[in-house]
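Engineer: Chains as they are written, first to last, in the working numbering: chain A, 1 to 206; chain B, 207 to 739. The beta carbon of each residue, even a glycine, is placed where N, CA and C say it ideally should be. Before I ask anything, let me first share the structure, which is written out below as structure tokens.
Rendered as structure tokens:
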């Protein structure tokens, strides 16, 4: 079995701090929505806003990191092996078949994973960010000429975004258990080191 | 002069100087006014009537009565330019004592004039302006009901033959102490509107004579100590800030000394401007929410309850001796009076909230009203979320039942007060009271009297609480919060604003995703060829 240093320090920091922020914003966001009471409305709003600005800051760094390191190329979509990966998760995984995709420094994400992340980055994130910013600057709409905009539309868009993000979170948490051991993916996301499965002797590992 | 004498004289002068100085020039004892009215010979009195005092006032303040004659305080009349309706106490019907019209002799104890006996009376002479009503600084000036707005200067039995004596007051002593208006002078009428302390407004009652900070952050006697005219900044006796045409939305900057400002100086914004909060999100709320909505969390907070319900239909019951009677609650307030019917009093009342654009539409006599499941609006605050002129305002909604003419479908002007056979408070006969009242008002009357439920709206704008007592976010941003019934605005935290089905579909989808991953995981666990633990 080989090991590669897949996730660099900043990447891991970005992942986990973003994860914490998103979970926290789901928690406070649904409270603002009126689903339950944990912090109380006022505190929930303030914490949600604070977390949003923190995430903005984190993203500034993350975008800078991706651009300067060239890591943005990880998100160039591909269909290579995509059917094989889909087959793996829908049947191969139950039969003990090896994962058809081998991560490398050039390609850290399998093609399905990559498409999902790309979707999150290009569709879900803009939905949440744009509606969130509009929500935050509600008082300035008139000054910006957004007289026809309704808060209900913005809030609805933001809520849809929140549900989609929650769906992503649930799936992501589950898929994190689908490495060669239940905790393998989590470990590599913590340490940065990924065990690469040996195709020839899959049974030995089990 | 010998040198020795000079020194003696000098020493004496030095000794005497401070004493003389203290007596005449002590800044602490000096009047702020340049005139001490007690030093005017013309005010030495004695005065046998109000107009006699006014004549003296006018001998220096030559233009005062001319100014007063132009004011709403004098005319009790206001033509609303937006609706074209002729309003003012002289014209409207209310759901307290129902009308000034036909009851002038009683109501005019709160008019700033002398001699308004009845509908016909002409009393527009300059000396009939009542200067003392507003400028008394002794607290002793009184105008008892039933004297056509005149003070009583000699002990008088009233009503005649009742054995009750109204004590005469010394007008000269009052006239010599006149000064600027005070909370108590304005309050003598505005705190007692509707027939007693706190009855009418809910945010104006005698607790504002000397309020603490918790009751009114501006009038706090130990703090800002505002008088009414600090905000209702009066110019040439014109007092701004009338409820007939309130300023519902003020987008002007704070008034600046020296700059000509024509906007209402009594609004919050005229001092506090458009962004008074240190927190931007709170300032955002000023786009749609009147300051009063958050900063007056409840009215009737000073210990004096306000009337919330008045049912005239039960008036007229007599006790076993055939005499009118009243029933008091444990706090000593009438809950029933033969002359007026049933009441409900409340303290610390949470306002109702409505969109309000400053236009108030009244139901006047002659306006057709229909009996329905909804009360007849005595007045109605116009406004909506979308007209661009409205703000969400707190109001006191005052409800009750009052006489109406079921055939002409009109509210009735009732003749209640008066020392005559037709006055309801004398004879307890609605037919007579309504007939005379409607005749005095020159209105058609079928001769039938029934009772109909009515409601009137009163803006809540006084009794501003300290900021730590203002509403918190969760008072409104919650289900069934303060603004639950206010439409046309999306309020985070209020479920009824959510797009229909959004939450159901959302959570159902989350359940499916969860079921999906649990199912996938279960198959991994039970599949015989599993590689994964």
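(1) Secondary structure at residue 441 of chain B, three-state DSSP: helix, strand or coil?
(2) Helix or strand or just coil, what does DSSP make of residue 616 of chain B?
(3) Quick check on residue 206 of chain A: buried or exposed, where buried means 16 or more other Cβ atoms within 10 Å of its Cβ?
(4) Give a yes or no on whether 8 Å exceeds the smallest Cβ distance from residue 155 of chain A to chain B.
(5) Could you confirm whether any beta carbon from chain B is found closer than 8 Å to the beta carbon of residue 167 of chain A?
(6) Name the chain B residues whose beta carbon is nearer than 8 Å to that of residue 188 of chain A?
(7) Would residue 47 of chain A pass as an interface residue toward chain B - the criterion being a Cβ-Cβ separation below 8 Å?
(8) Label residue 128 of chain A either buried or exposed according to how many other C-beta atoms from any shown protein chain fall within 10 Å of its C-beta, with 16 as the threshold for buried.
(9) Assuming the contact rule is C-beta atoms closer than 8 Å, residue 420 of chain B and residue 672 of chain B should be a hit. Round their C-beta distance to whole Å, please.
(10) Helix, strand or coil for residue 228 of chain B? Go by DSSP, reduced to three states.
(11) Suppose only complete runs of 4+ residues qualify. What are the alpha helix (DSSP H) ranges in the region 328-355 of chain B, listed by chain order?
(12) May I ask you to verify whether the region 49-57 of chain A touches the region 89-101 of chain A, counting CB pairs closer than 8 Å and requiring at least 3?
(13) Show which residues of chain B have a CB atom less than 7 Å away from the CB atom of residue 138 of chain A.
(14) Excluding the 5 residues preceding and the 5 following residue 191 of chain A in the sequence, name in chain order all residues of the same chain whose CB lies nearer than 7 Å to its CB.
(15) Only counting the same chain, and skipping five residues up and downstream in sequence, which positions put a Cβ closer than 7 Å to that of residue 612 of chain B?
(16) DSSP three-state call for residue 583 of chain B: helix, strand or coil?
(17) Between residue 497 of chain B and chain A, is the shortest Cβ-Cβ distance under 8 Å, so that the two count as touching?
(18) Grab the span of the beta strand (DSSP E) containing residue 608 of chain B for me, first residue to last.
(19) Measure the CB-CB distance between residue 723 of chain B and residue 117 of chain A and report whether it falls below 8 Å.
(20) Do you know whose CA, among B:450, B:663, B:516, B:369, lies nearest residue 401 of chain B's CA?
(21) Please identify, using Cβ separations under 8 Å, the residues of the region 54-77 of chain A that lie next to chain B, in order along the chain.
(22) According to DSSP, simplified to helix, strand and coil, what is residue 293 of chain B?
(23) For residue 431 of chain B, does the count of other Cβ atoms within 10 angstroms reach 16, so buried, or fall short, so exposed?
(24) At a CB distance below 8 Å, what residues from the region 27-48 of chain A approach chain B? Give them in sequence order.
(25) Output, in sequence order along the chain, the residues in the region 79-98 of chain A whose CB is closer than 7 Å to any CB in chain B.
(26) By how many angstroms is the C-alpha of residue 320 of chain B removed from the C-alpha of residue 305 of chain B?
(27) What do you reckon, are the CB atoms on residue 280 of chain B and residue 294 of chain B nearer than 8 Å?
(28) Does any C-beta atom of chain A lie closer than 8 Å to the C-beta of residue 244 of chain B?
(29) Report the CB separation of residue 522 of chain B from residue 634 of chain B in whole angstroms; it is logged as a contact under 8 Å.
(30) Taking just the CA atoms, how far does residue 336 of chain B sit from residue 314 of chain B?
(31) Could you list the residues in the region 660-686 of chain B with a C-beta less than 7 Å from some C-beta on chain E, going in chain order?
(32) Output, in sequence order along the chain, the residues in the region 704-725 of chain B whose CB is closer than 7 Å to any CB in chain A.
(33) Report yes if the CB atom of residue 461 of chain B is closer than 8 Å to the CB atom of residue 471 of chain B, and no otherwise.
(34) Mind checking if residue 6 of chain A is an interface residue toward chain B, Cβ cutoff 8 Å exclusive?
(35) Quick check on DSSP: helix, strand or coil for residue 664 of chain B?
(36) Using a Cβ cut-off of 9 Å, pull out every chain A residue sitting near residue 700 of chain B, in sequence order please.
Structural biologist: Judging by the given coordinates:
(1) Of the three classes helix, strand and coil, the one that applies to residue 441 of chain B here is strand, per DSSP.
(2) strand
(3) In this prediction, residue 206 of chain A has a pLDDT of 35, which is less than 50 and means its spatial position is unreliable; nothing more can be read from the coordinates.
(4) yes
(5) yes
(6) Within 8 Å Cβ-Cβ: nothing; residue 188 of chain A doesn't reach chain B, min ~15 Å.
(7) no
(8) Buried: at least 16 other Cβ atoms inside 10 Å.
(9) Indeed, because the Cβ distance is near 6 Å, the residues count as touching under 8 Å.
(10) With a pLDDT of only 49 at residue 228 of chain B, under the threshold of 50, the placement of this residue in the model should not be trusted, and no figure is reported.
(11) 337-341
(12) no
(13) Result: 490.
(14) none
(15) 654, 656
(16) strand
(17) no
(18) 597-611
(19) no
(20) B:516
(21) none
(22) strand
(23) exposed
(24) 32, 33, 34, 35, 40, 41, 42, 45
(25) 93, 94, 95, 96
(26) If you take the alpha carbons of residue 305 of chain B and residue 320 of chain B, they lie about 19 Å apart.
(27) no
(28) Between residue 244 of chain B and chain A, the shortest Cβ-Cβ separation is not below 8 Å.
(29) Distance from residue 522 of chain B to residue 634 of chain B at the Cβ level is roughly 5 Å; contact confirmed, criterion being Cβ atoms closer than 8 Å.
(30) 11 Å
(31) Absence of chain E from the displayed structure is noted, the protein chains being A and B.
(32) 705, 708, 712, 715, 716, 719, 720, 723
(33) yes
(34) no
(35) Judged by DSSP in its simplified three-state form, residue 664 of chain B adopts strand.
(36) 34
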